[in-house]
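*Asks:* Before anything else, here's the structure in question.
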Amino acid sequence: MCIQRNNIHLPQELLQVTLSYGINLGVAEADDCGHDHSIMCLTVLGNRVWSGSKDGTVRMWKESGDCVQKFLGHEGWVTCLTTYNNTVWSGSTDESILVWSETEGCLRKCDGINSWVTALTVFKDHVWSGSKDGAVRQWSPQGLCLKVCTGHTDWVRCLVEHNDCLWSGSYDHHIRIWD
Numbered sequence: 001m002c003i004q005r006n007n008i009h010l011p012q013e014l015l016q017v018t019l020s021y022g023i024n025l026g027v028a029e030a031d032d033c034g035h036d037h038s039i040m041c042l043t044v045l046g047n048r049v050w051s052g053s054k055d056g057t058v059r060m061w062k063e064s065g066d067c068v069q070k071f072l073g074h075e076g077w078v079t080c081l082t083t084y085n086n087t088v089w090s091g092s093t094d095e096s097i098l099v100w101s102e103t104e105g106c107l108r109k110c111d112g113i114n115s116w117v118t119a120l121t122v123f124k125d126h127v128w129s130g131s132k133d134g135a136v137r138q139w140s141p142q143g144l145c146l147k148v149c150t151g152h153t154d155w156v157r158c159l160v161e162h163n164d165c166l167w168s169g170s171y172d173h174h175i176r177i178w179d
């Protein structure tokens, strides 16, 4: 069984997981480049799958399921990933966002968050982050914080674009809609 998205053929090995309820659907092992801790997030850029882990690394995988590269830079868990302009953005419990290139590694660090980064998405040609402090932030392509939106009283755990608005979901039991 394979899933196809944007002409990317993902092998069964990447899609297998072990559920915490004890239902074993299979565990994929690539090579010695595999993560040392739980996988927290996945994203796709081109024909590569990228993963972020509690081991603090971002890794890039071939369609075959083989690990291509291990990226170091975060000092905490990698909690979220998104893609933007041929780069991968990673958020972490180390209160930072790092911007990665497949060929050049870490291109830049986005500072000034002072809270765990828990969600990332792209909306209106900018990257947006959600964080443990309840804020939603807009980032320039150069990694500068352009705007801080407040309203949540607990962690922002997820972000999605819908009908030209940004939606944020929080541990405060609320969904906020930003335009």
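Under full-length UniProt numbering, the residues of the sequence shown are numbered 1 to 179, in order. We treat Cβ as the ideally placed atom computed from N, Cα and C, and that holds for glycine.
Considering only the alpha carbon of each residue, which of Ser129, Asp154, Asp164 lies closest to Val148?
*Replies:* Position 148 of the sequence shown, counting from 1, holds the residue named residue 148. When each option's Cα is compared against that of Val148, the closest is Ser129.
*Asks:* Using the C-alpha atoms, what's the distance from Thr153 back to Leu19?
*Replies:* Within the sequence shown, numbered from 1, the residue matching residue 19 stands at position 19. Within the sequence shown, numbered from 1, the residue matching residue 153 stands at position 153. Legend: pLDDT at Leu19 = 30, less than 50; position of this residue unreliable, value from coordinates given subsequently. Going by the C-alpha atoms only, they are around 30 angstroms apart.
*Asks:* Just the Cα atoms here: how many angstroms apart are Asn163 and Ile175?
*Replies:* Working through the sequence shown from its first residue, we reach residue 163 at position 163. Working through the sequence shown from its first residue, we reach residue 175 at position 175. Cα to Cα, Asn163 sits roughly 15 angstroms from Ile175.
*Asks:* Rounding to the nearest angstrom, what Cα-Cα distance links Ser96 and Leu81 in this structure?
*Replies:* What you label residue 96 is simply residue 96 of the sequence shown in a count that begins at 1. What you label residue 81 is simply residue 81 of the sequence shown in a count that begins at 1. Roughly 12 angstroms separates the two Cα atoms.
*Asks:* In three-state terms, what does DSSP make of Ser170?
*Replies:* Counting from 1 along the sequence shown, the entry for residue 170 is found at position 170. The answer is strand: DSSP assigns Ser170 an E or B state.
*Asks:* Please report how far the alpha carbon of Pro141 lies from the alpha carbon of Gly151, in whole angstroms.
*Replies:* Residue numbering aside, residue 141 sits at position 141 when the sequence shown is read from its first letter. Residue numbering aside, residue 151 sits at position 151 when the sequence shown is read from its first letter. Roughly 24 angstroms between the two C-alpha positions.
*Asks:* Go ahead and pull the three-state DSSP assignment for Ser92.
*Replies:* Here residue 92 refers to the residue found at position 92 when the sequence shown is read from its first residue. Looking at Ser92 - three-state DSSP - the assignment turns out to be strand.
*Asks:* Distance, Cα to Cα, Leu120 vs Val44?
*Replies:* One-based indexing of the sequence shown puts residue 120 at position 120. One-based indexing of the sequence shown puts residue 44 at position 44. So the two alpha carbons sit approximately 14 angstroms from each other.
*Asks:* Can you find the residues in the same chain that come closer than 7 angstroms, C-beta to C-beta, to Asp55, ignoring five residues on each side of it along the sequence?
*Replies:* Sequence index remark: in the sequence shown, residue 55 carries index 55 (1-based). Cβ neighbours of Asp55 beyond the five flanking positions: His35, Asp36, His37.
*Asks:* Taking the straight line between their C-alpha atoms, what separation do you get for Cys41 and Trp167?
*Replies:* Residue mapping note: residue 41 aligns to position 41 of the sequence shown, counting from 1. Residue mapping note: residue 167 aligns to position 167 of the sequence shown, counting from 1. Taking the straight line from one Cα to the other gives about 19 angstroms.
*Asks:* With a 10 Å radius around its C-beta and 16 neighbouring C-beta atoms as the bar for buried, classify Lys124 as buried or exposed.
*Replies:* What you label residue 124 is simply residue 124 of the sequence shown in a count that begins at 1. Per the 10 Å Cβ criterion, exposed.
*Asks:* I'd like to know whether the C-beta atoms of residue 180 and Ser115 end up nearer to each other than 8 angstroms.
*Replies:* Outside the modelled stretch of the chain, which goes from 1 to 179, sits residue 180, for which no answer is possible.
*Asks:* With a Cβ-Cβ cutoff of 8 angstroms, do Gly143 and Cys106 count as a contact?
*Replies:* Translated into the one-based positions of the sequence shown, residue 143 becomes position 143. Translated into the one-based positions of the sequence shown, residue 106 becomes position 106. No, these two residues do not count as a Cβ contact at 8 angstroms.
*Asks:* Could you spell out where the beta strand (DSSP E) holding Ala135 opens and where it closes?
*Replies:* Stepping through the sequence shown from its first residue, residue 135 is reached at position 135. Segment: none, Ala135 is in no beta strand (DSSP E) and carries neither H nor E.
*Asks:* Between Glu161 and the rest of its own chain, which residues show a CB-CB distance below 7 angstroms, the 5 nearest in sequence each way excluded?
*Replies:* Here residue 161 refers to the residue found at position 161 of the sequence shown. Correct list, in chain order: Thr121, Phe123.
*Asks:* If contacts are defined as beta-carbon pairs under 8 angstroms, then Ser101 and Val78 qualify, I think. What distance do you get, rounded to the angstrom?
*Replies:* The residue given as residue 101 occupies position 101 in the sequence shown. The residue given as residue 78 occupies position 78 in the sequence shown. The Cβ separation is near 16 angstroms, so there is no contact.
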